[in-house]
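To keep things clear, I will list the structure first and then write my remarks on it.
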Amino acid sequence: MGGRVLSVASECVPLVKTGGLADVVGALPAALGAVGWDMRVLIPAYRDLAAQAKSWPVVFEEPDLWGGKGRVLAGEVAGVSLLLLDAPHLYDREGGPYSSNKGEHPDNAIRFAALSWVAARIAREGLVAREGLAGWKPDVLHAHDWQAGFAPAYLAYHGNGGVKSVLTIHNIAFQGWAPAQMLGVLRLPGHAFHSEALEYFGGISSLKAGLVTADRITTVSPSYAAELMRPEFGMGLQGVIAARGAVVTGILNGVDTGVWDPGAEDPPFGARAVAGKAVARARLFEEFALEVPGPLAIVVSRLTDQKGIDLLPAVVPDLVAGGGGLIVLGSGDPAMEGAMRALAARFPGRVAVKIGYDEALSHRLFAGADAVLVPSRFEPCGLTQMYGLRYGTLPVVSLVGGLADTVIGVSPATLATNAANGVTFHPVDAMALRQALAKLLDLYRQPKLWAKVRANAMTHPVGWETSAAAYAGLYDGLIA
Ligand code: ADP
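Below is the structure:
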């Protein structure tokens, strides 16, 4: 069928990224374009973006955007049709999208309410007629995470102009809280301030507002969709999500197979010609002064409790004793950064650590390593296990969320059916992770089996095609 979608978010690659959300928002337009959906992405014009978009045409105006005017500028970057909300009083700031070196911006509730407000108005009214965009009006508004959570609510409470709404939860940990006194300021109706609608622990949560008002709710894997209805994962919103269970679906993210392409690495390799991987591995040994007889594992991650990084100090000694090695690339919790440095100091030649964010290095790591460890306590979808699959860098993952939906752990049955593509473990504790690493070491000692599992991994589909078809089906169902 097909139609038009306005996608609303706070981040979009390649312009602004702090996490996996940006990758998804940036990848969906091309993937959906291929199946007949014209998607435009509305994000705030943060300082650098406003400078880039100076000459772009104005396609929408909002005179009253919480203390200043807002203008929407239309343009295209890296094939993505963008709508940038230019409102200097809200977005022309030092630092990242949410914070500066002084901490979180104190007016984040308003900053993202403004984004949601303009999104709802564009959805309801359409863009101002312009060359090429003449009266562009979406059939569906697709809001992402708490930053866009008020957009479906504004449609619900201020009129939707026939537009349907979808809210996608990328990470339930961030819920966008504001005190109850802000209800009027946020342009939300007093009659909806009760526990079945906007009220959340005495205040207002923009994510909850979206959850109770959107026509459909999605999250980024089927397992996470089911987990979110349970108290261990729902972070207070499990009841709200369970109550809307009939409209909740999980659609697994894909990865950008143009960016994550072993055939484009130096040297190139692929499922049928893996020789290049050994060269990349040898180069890593040189770069990090390592000498690892067994499997070389990597971690590329935010160093946080969510990611289970605190489990590593207890298991790395066993990995090393079994002949393995580890390179950690990441940053985050200072205590975890320190623990990673301590591991590298304790196991010179076997463990190396690079604190920081480095995309180029992450490519070299996936190309050259044998395994990627993802011991997350919760993982809505997860991207690094999919990079691992594509690069034949076997994922060793906890059985939660999207990890459980993408990695099929080795077992006699999965080996016999050529399904095994990694190693899985549960529960998320050091003992289970240690056993998983023992399995990995054991597999590595059987080169034929290892090659088979690696081939299964490299041929496992991780592109956007399947997800795009699922989103298109969801939109089609909404407007039918
Ligand atoms: P999350 O969004 O929870 O951090 P995901 O696995 O969904 O986790 O996405 C994380 C993204 O950020 C991946 O693309 C990963 O490769 C990348 N990434 C995380 N830390 C680093 C780092 N230190 N250097 C380079 N890339 C990183």
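According to this note's numbering, the sequence shown is numbered sequentially starting from 5. We put the beta carbon where it would ideally sit given N, CA and C, even for glycine.
Query: Using only alpha-carbon positions, find the residue among L453, W121, F370 that is nearest to L46.; Result: W121
Query: Check for me: the alpha helix (DSSP H) holding I126 runs from which residue to which?; Result: 112-129
Query: Which residues mark the beginning and the end of the alpha helix (DSSP H) in which D90 is found?; Result: Segment 84-90 is the beta strand (DSSP E) holding D90; no alpha helix (DSSP H) there.
Query: With DSSP run on the structure shown, which of helix, strand or coil describes K21?; Result: coil
Query: By the three-class DSSP mapping on this structure, what secondary structure does A356 have?; Result: strand
Query: Between Q179 and the rest of its own chain, which residues show a CB-CB distance below 8 Å, the 5 nearest in sequence each way excluded?; Result: W150, Y204, S209, S210, L211, K212, M239, G240, L241
Query: Which of helix, strand or coil does DSSP assign to A349?; Result: helix
Query: Have a look at L315 and V304 and give me their C-alpha separation to the nearest angstrom.; Result: 15 Å
Query: Can you name the residues that DSSP bridges to M43?; Result: V9
Query: Does the beta-carbon of T428 have 16 or more other beta-carbons within 10 angstroms, so that it is buried, or is it exposed?; Result: buried
Query: Tell whether a beta-carbon distance below 8 Å holds between L256 and G467.; Result: no
Query: If you measure between the beta carbons of L393 and T418, is that distance less than 8 Å?; Result: no
Query: Over the uninterrupted beta strand (DSSP E) stretch that includes W556, give me the two end residues.; Result: The requested residue 556 is not part of the displayed model; the chain covers only 5 to 484.
Query: Entirely within the stretch 273-313 and at least 4 residues each: give me those alpha helix (DSSP H) ranges in chain order.; Result: 279-291
Query: Is D260 closer than 8 Å to A31 when the C-beta atoms are compared?; Result: yes
Query: Can you tell me which of A55, D52, R8 puts its alpha carbon nearest to the alpha carbon of A34?; Result: R8
Query: Just verifying my parser: in three-state terms, what is the DSSP assignment at R449?; Result: coil
Query: Verify the CB distance criterion: does A346 have a CB-CB separation below 8 Å to chain B?; Result: Here there is only one protein chain, and chain B is not present.
Query: What is the rounded straight-line gap between the Cα of P92 and the Cα of L131?; Result: 21 Å
Query: To which residues of the same chain is P193 closer than 6 Å at the C-beta, ignoring the five residues directly before and after it?; Result: Y161
Query: Going straight from the alpha carbon of I483 to that of K168, what length do you get?; Result: 7 Å
Query: What I want to know is whether the C-beta of G386 ends up closer than 7 Å to one or more non-hydrogen atoms of ligand 3.; Result: Because ligand 3 does not appear in the structure shown, any question about it cannot be addressed here, the ligands present being ligand 1.
Query: What separation, rounded to the nearest whole angstrom, lies between the Cα atoms of G360 and E341?; Result: 10 Å
Query: Please name the residue or residues paired with F64 in a DSSP beta bridge.; Result: V76
Query: Find the nearest neighbour of L159 within the set L25, D374, D480, T217, judged by alpha-carbon distance.; Result: T217
Query: Does DSSP put V170 in a helix, in a strand, or in coil?; Result: strand
Query: Report yes if the CB atom of Q389 is closer than 8 Å to the CB atom of V404, and no otherwise.; Result: no
Query: Using 7 Å as the cut-off, classify the Cβ of Y102 as near or not near the heavy atoms of ligand 1, replying yes or no.; Result: no
Query: Going by the CB atoms, is the gap between G336 and L365 shorter than 8 Å?; Result: no
Query: May I ask which residues mark the beginning and end of the beta strand (DSSP E) holding P317?; Result: Counting along the chain, P317 falls outside any beta strand (DSSP E), though it belongs to the alpha helix (DSSP H) covering 316-325.
Query: Just list the residues that DSSP pairs Y475 with in beta bridges.; Result: Looking at the DSSP assignment, Y475 forms no beta bridge with any residue, so it has no partner.
Query: I want to check one thing, is the minimum distance from the CB of R306 to the heavy atoms of ligand 1 below 7 Å?; Result: yes
Query: Roughly how many angstroms separate the alpha carbons of D111 and D143, rounded to a whole number?; Result: 31 Å
Query: For E15, which residues does DSSP report across the bridge?; Result: The partner list for E15 (beta bridge, DSSP) is empty, contrary to what the question assumes.
Query: Can you grab the Cα-Cα spacing for the pair V296 / R350, in whole Å?; Result: 15 Å
Query: How would you call T222, buried or exposed, if buried means at least 16 neighbouring beta carbons within 10 angstroms?; Result: buried
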